[in-house]
Structure formats: structure tokens, C-alpha cells
Amino acid sequence: MITGYMDFIIFTFDDRLRDTLLKIFKFVLADMDIDFVKLFKDSIKSINELGNICNDDAEKVIFVNINDKRLFNEDWTKCLNTLSQKYSNITFVILSKEEINAGIIFKNDIRVKYFINIIEDDLEIEIRKIINILCKEFYNKDEYIVAINENQNVTKIFLKDILFIETIKGKHKCVINHSKGKGILRIGINELILKLDSRFILCRPSTIANKENIIEIDFKNNIFYFNKDLSCTFSRNNKKKIKNLVKGEMS
Numbered sequence: 007m008i009t010g011y012m013d014f015i016i017f018t019f020d021d022r023l024r025d026t027l028l029k030i031f032k033f034v035l036a037d038m039d040i041d042f043v044k045l046f047k048d049s050i051k052s053i054n055e056l057g058n059i060c061n062d063d064a065e066k067v068i069f070v071n072i073n074d075k076r077l078f079n080e081d082w083t084k085c086l087n088t089l090s091q092k093y094s095n096i097t098f099v100i101l102s103k104e105e106i107n108a109g110i111i112f113k114n115d116i117r118v119k120y121f122i123n124i125i126e127d128d129l130e131i132e133i134r135k136i137i138n139i140l141c142k143e144f145y146n147k148d149e150y151i152v153a154i155n156e157n158q159n160v161t162k163i164f165l166k167d168i169l170f171i172e173t174i175k176g177k178h179k180c181v182i183n184h185s186k187g188k189g190i191l192r193i194g195i196n197e198l199i200l201k202l203d204s205r206f207i208l209c210r211p212s213t214i215a216n217k218e219n220i221i222e223i224d225f226k227n228n229i230f231y232f233n234k235d236l237s238c239t240f241s242r243n244n245k246k247k248i249k250n251l252v253k254g255e256m257s
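Going by the working numbering, the first residue of the sequence shown is number 7, and it counts up by one from there.
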């Protein structure tokens, strides 16, 4: 199976809370059949340790217990703000025993994905909500697709950079060929085309092309060219539709 990873990291001195969250994560990820999340199981108990493991290009969601004063060498908002400024690949889920004033978060430019009240909230329900949010980000219709890159890390691929998308034979997954490399997305081609805008055409049952990035069309051999190295074919049944499309774009 082709998999990629977004790291889930638990940042707390409370081993009981940490163990509870790990058990819930494992159950929910298996139940929802999620394969893009990697649980970071080692115990992290200092800001320096946390910073060291953020120093790569993998997306990370950090579940941080802000009530645990032993974690921070200064005010927690300052610590999380520093990490947010230094590492563009991290977001936080705030764990707290009490309600948090959202203004504190936004004032300090902390990238927060979600809040969980660890006393009043049902942890399993809240974690399912968080994972659903992450799943939806795998195909953001307005700007980008979140996919798995060639280094097996989660990355954003902007729609304008996509050249063409092909199915992986026998798997419910697609390869996204874009101007900066390739990505993998766990979705069927027919489902994906419905989530993309009018720039994208289903040129054969297994292929989606971004018509804005086509630089040449070979109608004799049914080929779209995107640059000197990348091309994809379209079906003969679509030839007339594509010719009409080209005329429409040029008129």
C-alpha cells in the first residue's frame, strides 16, 4: 500500500492523558481507515525536544496540553508563537481543562487547528472531528489539494500547478503530476473530478488533465503535452469534444 504521513504529536507531561489519547487515535484511525496519519509515540517533554522533531518537511499536528506548566519555560502563548513562526509545517490542537479566549490565540499568531476541553468534551468525538477536517483538506476545491509527496510526507499541491492526474491501476488512489513533482491522493478519479473546477477535464476514464497547462495537442496520436518531459493521452471518443473545447478557448 502507498502511504504518506502527517505526524500526530502529543505534547504533555501527563502520561495518563497521553496514553488515553494514543489509544483513541489508534482506534479511530483504524475505524476510519485512515492511512496518512503517523502517531509519534515517543514522550516529548520540552520545547527544545519538540522543536527538534519539527525540523523536517512533514506536516505535523501537535496536541499540546497548555495547563501543564512544566512544558514551558515562559508563557505558553509565547512558546507556541515562536514555534509557529519558525516552522511552517506545524499546527496545534489546544488541550485545556477550561475554555480559552480565542482572542489570545489570534493575537499571538498561533496556528491552531482545534480546541479540546479535556474535562468536558468527549475525546473520541472531538478526535473524529479533527480527522474529518484533515480529510477534507485532502481536496480543497478553492486553492489546493493536500496529497502525499515523493518523500512520503503530506504536502499542498496548488491546482494551478497540476498538469494531469492518473489512477493507480487496481487501487483507489491517483497520481498527481504537477510542475514540481508528483503526489499521491487516496480517491477515485470519478470522485475527484467532481471536486475540481472547470480547468480540469476527464480526458479518458483513468486521466484528468488541466487544460490551462496544455502547451500542445497532438490530435493524430491523441496526446496532450504539458512540457518537454510530461504528456498524457486522451481517448479517441473525446477527440471531437476536445477540438470543440480548444475552439471555444481560442474564440
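Even for Gly, the Cβ is constructed at its ideal location relative to N, Cα and C.
Just so it is clear, the structure is predicted and the values come from calculations on it, not from any experiment.
Coarse secondary structure for residue i, derived from DSSP in three states
| i | result |
| --- | --- |
| K245 | helix |
| R22 | helix |
| D235 | coil |
| K29 | helix |
| I53 | helix |
| D41 | coil |
| I207 | strand |
| I59 | helix |
| Y145 | Residue placement at Y145 is flagged as unreliable, the pLDDT there being 49, under the threshold of 50; a coordinate-derived value is accordingly withheld. |
| K217 | helix |
| I223 | strand |
Nearest to residue i (by Cα), restricted to the options the options
| i | options | result |
| --- | --- | --- |
| I139 | I40, D21, D20, A36 | I40 |
| F14 | K119, N159, K66 | K66 |
| R275 | V43, S49, L45 | As shown, the chain starts at 7 and ends at 257. That puts residue 275 outside it, with no answer to give. |
| E218 | N233, P211, N227 | N233 |
| I3 | R24, R205, I151 | Only positions 7 to 257 of the chain appear in this structure, which leaves residue 3 out of reach. |
| I137 | G176, F69, I174 | F69 |
| S90 | I248, A64, G57 | G57 |
| A64 | L129, D235, D20, N157 | N157 |
| E130 | A36, K175, C180 | A36 |
| M38 | D20, E55, R134, R242 | R134 |
| V43 | S204, N159, K245, D203 | N159 |
| R210 | I248, K201, G176, L27 | I248 |
| F128 | T26, E55, F225 | One point to set straight first is that residue 128 is Asp, not Phe, in the sequence displayed. Nearest option by C-alpha distance: T26. |
| K226 | N244, K201, S204 | N244 |
| D203 | K246, S241, F19, E149 | E149 |
| L165 | D235, R24, N216 | N216 |
Contact set for residue i: own chain, Cβ-Cβ below 6 angstroms, skip 5 residues either direction
| i | result |
| --- | --- |
| T161 | N155 |
| G194 | H178 |
| Y231 | I221, E222, S237 |
| F263 | With the chain represented from 7 up to 257, any question about residue 263 goes unanswered, as that position is not in the structure. |
| Y93 | C60 |
| I125 | K103 |
| T239 | N228, I229 |
| K186 | none |
| K147 | Bear in mind that the predicted position of K147 carries a pLDDT of just 47, short of 50, making it too unreliable to give a figure here. |
| R24 | I16, T18 |
Contacting residues, own chain, Cβ-Cβ under 8 angstroms from residue i (five flanking each side not counted)
| i | result |
| --- | --- |
| I199 | F206, L208, I214 |
| S52 | L77 |
| N123 | S102, K103, E104, E105 |
Proximal residues to residue i (C-beta, below 7 angstroms), its chain only, five neighbours per side dropped
| i | result |
| --- | --- |
| H184 | I163, D167, I168, L169 |
| T88 | none |
| I182 | I151, A153, I163, I168, I171, K188, G189, L191 |
| S212 | E172, T173, I195 |
| D20 | N71, D74 |
Any non-hydrogen atom of the ligand MG within 6 angstroms of residue i CB
| i | result |
| --- | --- |
| E104 | In the structure on display, the ligand MG does not appear, and there are no ligands present to speak of. |
Would you list, in sequence order, the uninterrupted beta strand (DSSP E) runs of no fewer than 3 residues that lie entirely inside the region 61-139? 66-71, 96-102, 118-123
Does the pairing of the region 155-171 with the region 68-82 give three or more beta-carbon distances under 8 angstroms? no
Counting Cβ pairs, one atom from each stretch, are 3 or more of them under 8 angstroms apart for the region 118-126 and the region 84-101? yes
Inter-stretch contact (C-beta, 8 angstroms, three-pair minimum) for the region 25-36 and the region 79-92: The region 25-36, when compared against the region 79-92, does not touch it at the 8 angstroms Cβ threshold.
Completely contained beta strand (DSSP E) runs for the region 148-201, where each covers 3 or more residues: 150-155, 160-164, 168-173, 180-184, 187-191
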